[in-house]
Amino acid sequence: MVWLLRKCEKCGKYTLEKNKCPYCGGKVRIPHPPKFSPDDKYLKYKMALKEEMENERNIRQRTQKS
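Its first residue numbered -2, the sequence shown is counted upward by one per residue in this note's numbering.
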């Protein structure tokens, strides 16, 4: 399925533009989450990446507080 609707990361408005927001010029992204399947053969890689990103975020938050 082709997603036409985009959402600006900066102002949060929805648009049909693919490159940038016509209101503020911010970056746009697809607002819909990816489809989930319990039979996903890449699930272990996605979960490992998610855990790694959360660990990096936690480390950054701890170093900023110090």
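No residue lacks a Cβ here, since even glycine has one placed at the ideal position from N, Cα and C.
- Task: Could you have a look at residue 42 and say whether DSSP puts it in helix, strand or coil?
- Result: helix
- Assuming residue 14 and residue 25 form a contact by the criterion Cβ under 8 angstroms, report the distance between their Cβ atoms to the nearest whole angstrom. 6 angstroms
- Task: Have a look at residue 8 and residue 45 and give me their C-alpha separation to the nearest angstrom.
- Result: 31 angstroms
- Message: Can you look up residue 10 in the DSSP assignment and give me helix, strand or coil?
- Response: coil
- DSSP three-state assignment for residue 15, whether helix, strand or coil: coil
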